[in-house]
Structures are given as structure tokens and as C-alpha cells.
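Visitor: Mind looking over this structure? Questions follow.
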Amino acid sequence: MAAGHSFKRLPPTSDHAPFDSPMSPIKILGSGLSALTLALSLCIKEIPFKIYTKDCRPQKPLSNRHNYSLLLKASTIKDLRILLSITRDDFRKFLMVPSTTPFPPDDLDNFEARVHRGRLEYLLRQDFEQEIEWNCEIKAGTMGSPPLVFPPHVKDIKGHLTFDCMGVHSPIICADRYRSTESIVVFRGTSEVSKSLWNQKFRGWFHGNEAQIQARFDNIVLQLIINNFSPDNGDVSLTCIYSRPCWGDMAESLDTLWLPTRSVDEASSPSLIAKFLNEIELFRLDHELPEPYDEIFNPENLKGNKIVHWLMRTKLTALPELINLWRSSDEKVIKLGDASYNMPIIGSTGAEFAIRDALDAAEEIEKDRGASFPRWFIDRQDMKESQVTACRRNLIEIHSEKNK
87 MAAGHSFKRL PPTSDHAPFD SPMSPIKILG SGLSALTLAL SLCIKEIPFK
137 IYTKDCRPQK PLSNRHNYSL LLKASTIKDL RILLSITRDD FRKFLMVPST
187 TPFPPDDLDN FEARVHRGRL EYLLRQDFEQ EIEWNCEIKA GTMGSPPLVF
237 PPHVKDIKGH LTFDCMGVHS PIICADRYRS TESIVVFRGT SEVSKSLWNQ
287 KFRGWFHGNE AQIQARFDNI VLQLIINNFS PDNGDVSLTC IYSRPCWGDM
337 AESLDTLWLP TRSVDEASSP SLIAKFLNEI ELFRLDHELP EPYDEIFNPE
387 NLKGNKIVHW LMRTKLTALP ELINLWRSSD EKVIKLGDAS YNMPIIGSTG
437 AEFAIRDALD AAEEIEKDRG ASFPRWFIDR QDMKESQVTA CRRNLIEIHS
487 EKNK
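Below you can see the structure in the form of C-alpha cells.
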């Protein structure tokens with residue numbers, strides 16, 4: 087949808103009444119979903135805040151950053167619509183993938199749909215762009231120094247409440263209750279399909295408003311997910327995912343694509359991608375792929391795509407560590423979303439939990455300025471642990487022998 091799409095903003099509901107008592111500005115570190123959802127929630131409640139992020143300011147209102155879709159539950163979709171103060175029809179047309187997906191009715195919670203992440207983030211930050219400090223990489227302080235170190239060009243604000251929304255690579259390190267990298271090899275790519283090719287080979291496989299399909303070949307799983315339909319020419323952006331269990335024992339595997347300790351920079355290294363394309367070529371010799379998988383999972387077609395090696399990480403920060411971050415200094419730090427716990431990307435809805443974390447945290451701040459966050463950590467720990475365990479189990483079951 088074009089960037090110039092205008093929305094009729096709805097009046098605030100009683101659930102989002104302005105906060106009528108002054109308090110120190112809140113620091114929000116990061117600019118992902120948990121950060122932006124928290125910021126808009128605070129903005130509506132008229133609670134002061136400032137966002138600091140290492141990301142660059144988008145050159146266009148709707149850049150290609152995060153040009154993919156997320157799976158969200160009906161309850162979260164409804165809460166986001168209220169937070170954004172837009173109509174159901176505007177939410178559906180601008181955010182849902184595909185845009186023909188009906189907005190979930192009030193009496194239906196057992197419903198999931200895909201929402202475009204980049205456009206969602208664009209709408210979330212519209213009302214507070216001036217409160218974002220871009221190009222600001224935060225580092226954790228060393229022993230004897232402040233807990234957070236800001237770049238010299240950034241003027242730090244005085245405040246005692248800080249939210250770490252910097253994700254799985256947050257520099258604020260804590261001991262974990264649980265951490266593992268699941269023994270599943272995953273590669274993700276993005277393909278652009280012309281409108282004519284979509285109609286010819288793909289459209290019939292995505293029934294109704296379906297935005298995701300998958301097929302299994304022995305223990306290899308192929309997935310195709312709709313990211314976006316171009317409003318200009320009708321071309322379709324697709325995410326393609328290739329996943330399989332690691333070959334052999336995880337600790338002594340000769341699997342050259344199983345790299346649990348690789349660096350971030352190695353995720354898209356040419357040598358690694360070349361090995362993956364070679365595996366795809368061998369895979370095709372053993373399996374006759376139906377359309378549209380044959381078109382996408384083709385080494386020649388994949389060569390022109392951006393391909394990334396994904397690690398299926400599972401992590402849960404230890405509860406005492408979360409409480410200690412809060413109590414150890416004047417700079418009270420609260421971890422949200424992936425900075426606190428993360429789940430394998432396949433078989434989970436991590437975005438769902440990041441958004442929910444932010445909405446609930448804003449309510450805690452409004453209630454008592456965040457004084458009860460230690461109790462909040464304790465009350466949510468069992469729920470987080472069960473979610474992390476369930477998502478890990480789901481990933482393993484997707485690739486298990488019994489699902490062949």
C-alpha cells in the first residue's frame with residue numbers, strides 16, 4: 087500500500103486515558119516491536135520517554151526494512167488496532183497480509199493472521215519520531231562505571247527507569263535460566279515473484295486468505311510465506327525457509343551447515359551460502375518438487391536472493407538476574423521481549439510476546455510508576471518458561487520422524 091495512505095484517528099478510549107502525574111522520562115533502548123509498542127503506549131498516556139537505537143533513521147517513510155509478515159493472534163491484533171487508534175478497515179487494508187484477510191470479529195479469539203512488520207512499525211512510531219535518537223549504539227558499562235554507556239554525541243537524559251528492548255544481541259548480559267541452540271539447520275531467503283508468475287504458479291496454492299504454506303520431504307521442511315504485495319505492479323515478495331535436523335550427533339556432527347557457534351557476520355557468508363545451494367541441488371535430485379516449491383527452491387533462482395543462515399535459539403533469563411538488574415543501581419533496567427527470553431523463529435510467535443510484554447509494561451508504569459516490577463517479573467516467569475518450552479517442543483515436532 088502506498089505510503090501516502092491516510093487514516094482517520096479514533097478518539098482515545100478509557101483504557102488509554104492520559105497519565106496526569108509528572109515523572110522522570112523513561113529510556114527505551116532499541117527500536118523493534120517491543121520498544122515501539124511501549125513508546126506509543128506511554129505517548130498515549132502522556133508519560134515522557136526517549137528512544138535510543140543503533141539503527142539509522144529510515145530514508146523513506148516506508149522503507150524496505152522489515153519487509154515481511156508476522157503471525158499474530160486475534161487478541162493482539164485487536165489490541166494493536168486500539169493502540170493505533172485506526173478503524174478495522176484501515177488496519178486490514180494497510181497491515182494485514184494479504185489485505186483481503188478479514189479483521190477478527192469481537193467474539194473470535196481462536197484466530198491467527200499475518201501482519202506486515204515494516205508497516206506496523208511505521209504506524210507505531212508516527213506520533214513520536216522526534217523522541218527517537220537514531221545512530222546511537224548503547225554499550226554496557228564495565229565494573230565501576232555507569233551501567234549504560236552512550237556515544238559522546240548523545241545527550242543522555244536523567245531518569246531512573248530504562249527498558250532494554252535490544253533483542254537477543256543486547257549488550258546488557260545476564261545469566262540465563264535456560265539457553266540452547268536447537269540442532270535444526272535453517273536457511274531463510276527472500277524471493278520476488280512477478281504478478282504473472284504468481285498467478286501462473288503460486289496463487290492456486292495459497293487458498294483463500296492463506297499467507298503461509300509448507301511441504302515436507304522426508305525430514306526436510308520447505309515453507310513459503312507471503313511478505314507483501316506491491317501496490318505498484320502487483321509483484322509478490324515471499325520468504326522461503328529450508329529447514330532440517332542436524333545430521334548425526336549434535337556435539338560431533340560432520341554437518342557443514344550446522345554452525346551453532348558462528349558469528350553474526352558469518353550468517354550470510356558466501357562460502358556458507360554456496361554449501362547451502364549445493365545441498366539444495368542434491369536435494370532436488372532425490373525429490374520431485376511440485377510448484378511453487380520447484381520455482382523457489384532452485385539453486386539458480388536462489389543465487390540472486392538474500393539468503394541467511396538462521397540459528398534456532400532458545401533462551402530464558404534467570405529470574406534473580408531480572409530482579410537484580412532492577413535493584414542493583416539507580417538505573418533500574420527492565421528487559422522486554424527478546425532481550426529477556428527468545429524462542430526459535432520456526433514454530434513460535436516471538437513477536438506476539440514482545441508486543442504483549444510492552445503493552446503490559448506500560449500498564450505497570452501507569453499503575454504505580456513501575457514500583458511493582460519485581461513482582462511483575464515473578465508473576466510472569468512461569469508463563470514465560472512454559473512458552474519457551476512449548477515453542478522448543480513445537481520446533482522439534484515439526485521435524486520429527488513421526489510427522490513424516
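Going letter by letter, the sequence shown gives residues 87 to 490 in the numbering used here.
Ideal placement from N, C-alpha and C gives every residue a C-beta, glycine not left out.
Only a predicted model underlies this, so the values are computations on that prediction, with no experimental measurement involved.
#1: Verify whether the separation of the beta carbon atoms of F303 and H239 is less than 8 Å.
#2: Measure from the alpha carbon of S472 to the alpha carbon of each residue in L122, M429, A447 and A444, then state which is nearest.
#3: Are at least three pairs of beta-carbons, each pair with one atom in the region 281-297 and one in the region 364-371, less than 8 Å apart?
#4: For L481, name the three-state secondary structure that DSSP assigns.
#5: If we require 4 or more residues per run, which alpha helix (DSSP H) segments fall completely within the region 427-480?
#6: What's the gap between the Cα of T186 and the Cα of G390?
#7: With DSSP collapsed to three states, give me the class of I299.
#8: Just mark D424 as buried or exposed, buried being the case when its beta carbon has 16 or more other beta carbons within 10 Å.
#9: Look at the alpha carbon of T475 and the alpha carbon of M398, and state the distance between them as a whole number of angstroms.
#10: To the nearest angstrom, how far is it from the Cα of E278 to the Cα of R461?
#11: Using the beta-carbon count (16 or more within 10 Å), is L194 buried or exposed?
#12: On the CB-based measure, 16 or more other CB atoms within 10 Å of its CB, does C501 come out buried or exposed?
#13: K401 to R200, Cα distance in whole Å?
#14: To the nearest angstrom, how far is the alpha carbon of S171 from that of R370?
#15: Run through DSSP, which three-state label would S349 get?
#16: So, with DSSP's three-state summary, where would you put G230?
#17: Given I243, which residues of its chain have a CB within under 6 Å of its CB, disregarding the five upstream and five downstream residues?
#18: I need the DSSP call for I133, collapsed to helix, strand or coil.
#19: Pick out the complete alpha helix (DSSP H) segments inside the region 362-414, 4 residues or longer, and give them in chain order.
Guide: Let me spell this out:
#1: For the purposes of this step, residue 303 is taken as residue 217 along the sequence shown, with counting starting at 1. For the purposes of this step, residue 239 is taken as residue 153 along the sequence shown, with counting starting at 1. No. Outside cutoff.
#2: Here the question's residue 472 lines up with position 386 in the sequence shown. Closest option to S472, Cα to Cα, is M429.
#3: no
#4: The sequence position of residue 481 within the sequence shown is 395, counting from 1. Reduced to three states, the DSSP call for L481 is helix.
#5: 436-454
#6: For the purposes of this step, residue 186 is taken as the residue at position 100 of the sequence shown. For the purposes of this step, residue 390 is taken as the residue at position 304 of the sequence shown. Between T186 and G390, the C-alpha separation is close to 30 Å.
#7: Taking the first residue of the sequence shown as position 1, residue 299 is located at position 213. Strand.
#8: In the sequence shown, the residue the question calls residue 424 occupies position 338. Buried, since its Cβ has 16 or more Cβ neighbours within 10 Å.
#9: As a position in the sequence shown, residue 475 is number 389, starting the count at 1. As a position in the sequence shown, residue 398 is number 312, starting the count at 1. Cα to Cα, the separation comes out at about 13 Å.
#10: Start at 1 with the first residue of the sequence shown, and residue 278 comes out as number 192. Start at 1 with the first residue of the sequence shown, and residue 461 comes out as number 375. Rounded to whole angstroms, E278 to R461 spans 47 Å at the Cα level.
#11: To locate residue 194, count along the sequence shown from 1; it is residue 108. It counts as exposed.
#12: As displayed, the chain neither begins before 87 nor continues past 490, which places residue 501 out of reach and without an answer.
#13: As a first step, residue 401 is located in the sequence shown; it is residue number 315 there, counting from the start. As a first step, residue 200 is located in the sequence shown; it is residue number 114 there, counting from the start. One C-alpha to the other measures close to 25 Å.
#14: Residue mapping note: residue 171 aligns to position 85 of the sequence shown, counting from 1. Residue mapping note: residue 370 aligns to position 284 of the sequence shown, counting from 1. Taking the straight line joining both Cα atoms gives about 49 Å.
#15: Your numbering for residue 349 matches position 263 in the sequence shown. S349 falls in the coil class under three-state DSSP.
#16: Stepping through the sequence shown from its first residue, residue 230 is reached at position 144. In this predicted model, G230 has a pLDDT of only 49, less than 50, meaning its place in the structure is not dependable; the value taken from the coordinates is given anyway. Coil.
#17: Here residue 243 corresponds to residue number 157 of the sequence shown, with the count starting at 1. Excluding sequence neighbours, I243 sits near P111 and K136.
#18: Within the sequence shown, residue 133 is the residue found at index 47, counting from 1. Residue state, collapsed to three classes: coil.
#19: 379-382, 385-388 and 405-413
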